[in-house]
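*Asks:* Following numbering that gives the first Met the number 0, the numbering of the sequence shown begins with 0 at its first residue and continues without gaps.
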Amino acid sequence: MRLAPSDLLGLGLLGLRTRKLRAALSALGISIGIATMVVVTGIPASSHRALMDEMSALGSNMLRAQSVSVQSRPVPLPEESVGMVRRIGPVTAASAVANTHAQVQRSDLTAGDDFSGTGVTVLAARRDLLDVVGGSVSSGRFFSRADEQFPTAVLGFRAATRLGIGKIHAGDPPPQIRIDSSWFTVIGVLRTVPLADDLDHAVLTGWPAARKTLRFDGNPTVIYVKAREASLEGVRDVLPVTVFPEQPGQVQVSRPSEALAAKRATENSFSSLFLGLAGVALLVGGIGVANTMVISVLERRREIGLRRALGATRGQIRVQFLTESVALAVLGGAAGTALGVLATAGYATYQGWPPVISALSVVGGCLGAAVVGAAAGVYPSVRASRLSPTKALAST
């Protein structure tokens, strides 16, 4: 007679229900192997992600294109160069600043050249500049769509110090500075920008406001570019022609940072030793399942003989014990996967890393447990199906 899959599953789980302690101990071996596999892939992956984030903050994906200076004045780049750079495939973001060659004064009572020798420069800046260079505001705000239209200024960290301007407090009258012959309201002060230290010494104005107030022609002098790291060298090669097609030799492009080389070297630093240890643990668990199933066959010979005498085929006996073996391994694998995920997330959170749980390791853990269970159950199930009904019934 044929048995429905639900009946075969019930028979396969019968041995687990009647021998709970032995099943739990056997499943524990599989659980340890799967948990080890999840942990030894998840914890290094979490650490790796944290390290990659730190290296990305060092500008591993950023390039800087600027014009070559002629007689101490940079050659202006084409006004449309930023838009042209953004059309390069691997480029993810681009922004620019431009030297307005304007002079800044703390008030109209000081000489116009008071800050000309201090390294404070007046730069027109695009609104998306901080997103590209990884900058942030320590007080006040950066340019909004409205702010950049009016004579407002954001000061670099060191420029603010030299101009004697501290924090910008909401509700207080904002300080003003004089740029050339116009007054500009200071709306923010930046933190130091490690990836673009020239901004620390700059007085930034909105791009449209600089054109209206400072007779700025709209030509950028420095373009900051973020691109996909795998294509960074290719982007660097095409930047001069893209930025200034008529005179690519007038464009100087920075080299990729050393952080990129370190990041690429770190990406290949996963040790196969950890996966080897997980494999050994999984193998030990599989041997435990096989041992349990062999003993189960020996203990249940009378049951096997009775089922054969009542008409069960060899194939049904094989499927029964194979189902029991796979179920035992899958239960252990599910428990091990859950334990590994919890351990990985807990340890990563404790270390301050972003938890990284690979879906492949979770799915692979469950599938691996099922494969181990099937492999471990082949011999016991075949041995059970080959028992003679008369000998099995006659055994004690």
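Glycine included, every Cβ here is placed at the ideal spot set by N, Cα and C.
#1: Cβ atoms of L386 and G314: under 8 Å apart, would you say?
#2: DSSP three-state call for V237: helix, strand or coil?
#3: Around the Cβ of D236, are there at least 16 other Cβ atoms within 10 angstroms (buried) or fewer (exposed)?
#4: Going straight from the alpha carbon of G205 to that of G332, what length do you get?
#5: Using the beta-carbon count (16 or more within 10 Å), is E79 buried or exposed?
#6: Just the Cα atoms here: how many angstroms apart are V377 and M36?
#7: Would you call the region 80 to 94 and the region 213 to 225 in contact, with 3 or more CB pairs under 8 Å?
#8: Quick check: the region 142 to 160 against the region 196 to 213, are there 3 or more CB pairs under 8 Å?
#9: With 16 as the cutoff for other CB atoms within 10 Å, does S115 come out buried or exposed?
#10: By Cβ distance, which residues of its chain are closer than 7 Å to T191, with the 5 residues on each side in sequence left out?
#11: Below 8 Å, how does it come out for the region 334 to 348 and the region 294 to 312: are there three or more Cβ pairs, yes or no?
#12: Where does F141 fall in DSSP's three states?
#13: Identify the residues that DSSP records as bridge partners of I178: which are they?
#14: How about S384 and R300: are their beta carbons less than 8 Å apart?
#15: Using DSSP's beta-bridge definition, name the partner residues of V371.
#16: Excluding the five sequence neighbours on either side, which residues of its own chain have a C-beta within less than 7 Å of the C-beta of P354, listed in chain order?
#17: Across the region 19 to 39 and the region 357 to 373, are there enough close Cβ pairs to call them in contact, namely three or more that are closer than 8 Å?
#18: Helix, strand or coil: which one does DSSP assign to Q249?
#19: Using the C-alpha atoms, what's the distance from L20 back to G9?
#20: A375 to V340, Cα distance in whole Å?
*Replies:* Taking the definition as stated:
#1: no
#2: helix
#3: exposed
#4: 59 Å
#5: exposed
#6: 24 Å
#7: yes
#8: When C-beta atoms of the region 142 to 160 are compared with those of the region 196 to 213, three or more pairs fall below 8 Å, so the two segments count as touching.
#9: A caution first: S115 carries a pLDDT of 49, below 50, which makes its placement in the model unreliable, though a value can still be read off. By the 10 Å Cβ count, S115 comes out exposed.
#10: F156, D199
#11: no
#12: coil
#13: V103, S181
#14: no
#15: Paired residues: none, contrary to the question.
#16: Taken in chain order, the residues that qualify are S45, T343, A344, A347, T348.
#17: yes
#18: helix
#19: 19 Å
#20: 25 Å
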